[in-house]
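Student: Take -6 as the starting number for the sequence shown in the numbering used here and just add one per residue. Ideal placement from N, C-alpha and C gives every residue a C-beta, glycine not left out. Take this structure first; my questions come after.
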Amino acid sequence: MKLFIQTMGCAMNERDSAHIIAELSQKKHYTLTDNAKEADLILINTCSVREKPEKKLFSEIGQFAKEKKAGAKIGICGCTASHLGEEIIKKAPSVDFVLGARNVSKITQVLERPKAVEVDINYDDSTYVFASPQTMGIKATLNISIGCDKKCSYCIVPFTRGREISIPQDLLLREARRLVDSGVKELLLLGQNVNHYGVRFSTPHPKTNFADLLNNLSEIKGLYRIRFTSPHPLHMDDAFLHTFAQNPVIAKGIHIPLQSGSSRVLKMMKRGYDKAWYLDRIAKLKALLPDVGIGTDIIVGFPTESQADFKDTLEVLSLVEFDTLYSFVYSPRPHTSAYEYDKSWLIEPKLAKERLATLQNLHKQILRKKAQKEIGKCYEILVENNRDDEEHCFSEGRTSNNKLIKILGKKCPIGSIAQVKITKNEGGALMGEFVQELSLEQALKANTITHTAKPNKGESSVVAGVVC
Ligand code: 5AD
Ligand code: SF4
-6 MKLFIQTMGC AMNERDSAHI IAELSQKKHY TLTDNAKEAD LILINTCSVR EKPEKKLFSE
54 IGQFAKEKKA GAKIGICGCT ASHLGEEIIK KAPSVDFVLG ARNVSKITQV LERPKAVEVD
114 INYDDSTYVF ASPQTMGIKA TLNISIGCDK KCSYCIVPFT RGREISIPQD LLLREARRLV
174 DSGVKELLLL GQNVNHYGVR FSTPHPKTNF ADLLNNLSEI KGLYRIRFTS PHPLHMDDAF
234 LHTFAQNPVI AKGIHIPLQS GSSRVLKMMK RGYDKAWYLD RIAKLKALLP DVGIGTDIIV
294 GFPTESQADF KDTLEVLSLV EFDTLYSFVY SPRPHTSAYE YDKSWLIEPK LAKERLATLQ
354 NLHKQILRKK AQKEIGKCYE ILVENNRDDE EHCFSEGRTS NNKLIKILGK KCPIGSIAQV
414 KITKNEGGAL MGEFVQELSL EQALKANTIT HTAKPNKGES SVVAGVVC
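In structure tokens form, the structure reads like this:
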């Protein structure tokens, strides 16, 4: 039996698809194909955070229904499945089942039930043990919680993924050990609000928090790096920042969704923090870790956003100098509180698009400026890829602070840790020469406190990287 799966949206959806593939391959003997025409089962794992991908879903179903071989099934999974439920089957009768984002563990059951619709957002997947992926590579993701308890006024996720429940720590530690034993060097922890971990479990559980989880995971022998996405700025207290800075296994790149730089808009968005709080957290983080990599999400054109509000967003962008930016035009979503606003509060699409372009252009300038300062610096990368282009062969990997770097003229073993000196910046793409390979122990030392430079009272300052 052959499975074709198309995944749209966030890392959580990618992870859900990985679970589905593992379940179907181990319990139902499916093998993956990238050709929908030869598949016995076609799955579309959807995203409904913005309107566009949701709109595309029905034309895609139509296309797959035309192409599929006789008797092949079509299943719709993910956030749009949760959001539209049986409406999908009514509108597209070629669909055989609908499986919501909170219900992925039921994949083998719905397969057997014609026209099944499983979209219960109160269903508890948090203690379900999924089949193990067969090939893991050196990087793996681990879901640490399901759902989201926030009520950001623009966001449909609490409606599609339900309330937040943390996955028990013993399950996570067991799974992480298994992943590391199979060769995984870097773990990416996933959750809607990772630093809210431990607030609610579905079964009695000893008191814990995200910092505890990070520290416990970091004890696993052979694990080089832990990343996570996304922390909520509101829960970034000093204790969390210190754990982040001081634990050498935690990679020093962090995604901190800003959404808007205007305190007025943030209040309407119900984010629970203002511009000053966000900037204060960033200042603390940079005092602890001058080389920290910071990424963010920004929405422009939120209802009533004025030119002054937008300027605040540009100002935060300039002050923080984010290393990565995911930026979006506001998209009204049903079930959210912002959806109920007076339509006259909406921003003209043309203006919103202009603001998006202004924001992205400013970010490009910031990145160009920052990349120039990288020449001559030394980093450790976890080697992920070996490739060739027209000019040279190269190894590729990411630094602790999440920069993608090519080592020119060298192919290092996948999973090894290579030190590289930056020699070139081609339009923001960083390249360099191989210096030496490091052992895990040496590399971890490089990710601990190496100097103290103007810390706040009582704090030590940390730099990721070693002198080479
Ligand atoms: N419109 C535009 N962007 C949105 N996001 C979430 N909801 C919306 C929406 N209604 C963005 C946020 C979030 C990211 C995953 O998607 O920036 O952090
Ligand atoms: Fe959506 Fe806000 Fe929850 Fe993130 S924190 S998933 S933006 S409701």
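Around the Cβ of Met262, are there at least 16 other Cβ atoms within 10 angstroms (buried) or fewer (exposed)?
Tutor: So Met262 counts as buried.
Student: Count the other CB atoms within 10 Å of the CB of Arg8; is the residue buried (16 or more) or exposed (fewer)?
Tutor: So Arg8 ends up on the buried side.
Student: Could you tell me how far apart the beta carbons of Lys178 and Gly408 are, in whole angstroms, since I believe they sit closer than 8 Å?
Tutor: Correct: roughly 6 Å between the Cβ atoms.
Student: Please report the straight-line C-alpha distance between Gly402 and Tyr23, rounded to a whole angstrom.
Tutor: Cα to Cα, Gly402 sits roughly 40 Å from Tyr23.
Student: Rounded C-beta distance between Glu60 and Lys30? I'm assuming under 8 Å.
Tutor: Correct: roughly 5 Å between the Cβ atoms.
Student: Straight-line CA distance for Lys99 to Ile13?
Tutor: Rounded to the nearest angstrom, the two C-alpha atoms are 9 Å apart.
Student: Assign Val122 to one of two classes, buried (16 or more other C-beta atoms within 10 Å of its C-beta) or exposed (fewer than that).
Tutor: Classification of Val122: exposed, given that the 10 Å Cβ count is below 16.
Student: Based on Cα-Cα distance, which residue from Gln127, Ala276, Cys70 lies nearest to Gly2?
Tutor: Nearest C-alpha to Gly2: Cys70.
Student: According to the Cβ coordinates, are Ala74 and Val91 closer than 8 Å?
Tutor: Going by C-beta atoms, Ala74 is nearer than 8 Å to Val91.
Student: On the CB-based measure, 16 or more other CB atoms within 10 Å of its CB, does Thr120 come out buried or exposed?
Tutor: Answer is exposed; the Cβ neighbour count stays below 16.
Student: Determine the DSSP secondary structure at Ser87, reduced to helix, strand or coil.
Tutor: Ser87 falls in the coil class under three-state DSSP.
Student: Quick one, are the C-beta atoms of Gly93 and Glu79 less than 8 Å apart?
Tutor: In this structure, Glu79 does not lie closer than 8 Å to Gly93 by Cβ.
Student: Would you check if the segment 245 to 261 and the segment 381 to 399 touch, i.e. whether three or more CB-CB distances between them fall below 8 Å?
Tutor: Yes: the two stretches touch, three or more of their Cβ pairs being nearer than 8 Å.
Student: Can you tell me whether Cys371 is helix, strand or coil according to DSSP?
Tutor: Strand at Cys371.
Student: Compute the Euclidean distance between the alpha carbons of Ser87 and Gly68, then round it to the nearest angstrom.
Tutor: The alpha-carbon atoms of Ser87 and Gly68 are separated by roughly 9 Å.
Student: Does the Cβ of His76 have 16 or more other Cβ atoms within 10 Å, making it buried, or fewer, making it exposed?
Tutor: By the neighbour-count rule (16 or more Cβ atoms within 10 Å), His76 is buried.
Student: For Gly288, which option in Lys304, Ser223, Gly254 has the closest C-alpha, if you only look at C-alpha atoms?
Tutor: Ranking the options by Cα distance to Gly288, first place goes to Ser223.
Student: Does the separation of the CB atoms of Leu207 and Ala169 fall below 8 Å?
Tutor: Taking 8 Å as the Cβ cut-off, Leu207 and Ala169 do not qualify as a contacting pair.
Student: When every heavy atom of ligand 1 is checked, does at least one fall within less than 7 Å of the C-beta of Asp316?
Tutor: No; taking the cut-off as 7 Å, the Cβ of Asp316 has no heavy atom of ligand 1 nearer than that.
Student: Residues in the same chain with beta-carbon distance under 6 Å from Phe(-3), minus the five sequence neighbours each way, listed in chain order, please.
Tutor: Counting only Cβ-Cβ distances below 6 Å, and skipping sequence neighbours, we find Thr26, Ala29, Ala32, Ile35.
Student: If you draw a straight line from the C-alpha of Arg154 to the C-alpha of Pro327, how long is it?
Tutor: Arg154 and Pro327: Cα-Cα distance of roughly 14 Å.
Student: How big is the Cα-Cα spacing for Ala364 and Gly420?
Tutor: Roughly 8 Å between the two C-alpha positions.
Student: Do Ser253 and Ile291 count as a contact pair if the criterion is CB distance below 8 Å?
Tutor: The answer is yes: Cβ separation under 8 Å.
Student: Taking one C-beta from the segment 125 to 132 and one from the segment 142 to 156 each time, how about it: are there three or more such pairs within less than 8 Å?
Tutor: They do not touch, by the three-pair rule.
Student: Which stretch, first to last residue, makes up the beta strand (DSSP E) that contains Tyr271?
Tutor: Segment 268 to 281 is the alpha helix (DSSP H) holding Tyr271; no beta strand (DSSP E) there.
Student: Looking only at its chain, what residues have a beta carbon closer than 6 Å to the beta carbon of Ala58, apart from the 5 residues adjacent to it on each side?
Tutor: For Ala58, where only same-chain residues beyond five positions count, the Cβ hits under 6 Å are Ser87.
Student: Does the structure place the segment 341 to 350 close enough to the segment 291 to 300 that three or more beta carbon pairs sit under 8 Å?
Tutor: These segments touch.
Student: When every heavy atom of ligand 1 is checked, does at least one fall within less than 7 Å of the C-beta of Gln252?
Tutor: Answer for Gln252: yes, Cβ within range of ligand 1.
Student: Once you ignore the five residues that flank Ser159 on each side, which residues in its own chain have a CB closer than 6 Å to its CB?
Tutor: Ser138, Tyr190, Gly191, Phe194.
Student: Quick one: does the C-beta of Pro151 sit closer than 7 Å to a heavy atom of ligand 2?
Tutor: Correct: Pro151 has its Cβ closer than 7 Å to ligand 2.
Student: If I measure Cβ to Cβ from Asn202 and keep anything under 6 Å in the same chain, skipping five residues before and after, which residues do I get?
Tutor: These residues qualify, in order along the chain: Gly191.
Student: I'd like to know whether the C-beta atoms of Leu216 and Val173 end up nearer to each other than 8 Å.
Tutor: Going by C-beta atoms, Leu216 is nearer than 8 Å to Val173.
Student: So, is Arg264 buried or exposed, given that buried needs 16 or more other C-beta atoms within 10 angstroms?
Tutor: It counts as buried.
Student: Give the straight-line distance between the Cα atoms of Glu47 and Glu434, rounded to the nearest whole angstrom.
Tutor: One C-alpha to the other measures close to 47 Å.
Student: Ignore the nearest five residues each way along the sequence and tell me which others in Thr317's own chain have a CB closer than 6 Å to its CB.
Tutor: Around Thr317: Gly288.
Student: Opposite Thr392 in the DSSP bridges: which residues?
Tutor: Looking at the DSSP assignment, Thr392 forms no beta bridge with any residue, so it has no partner.
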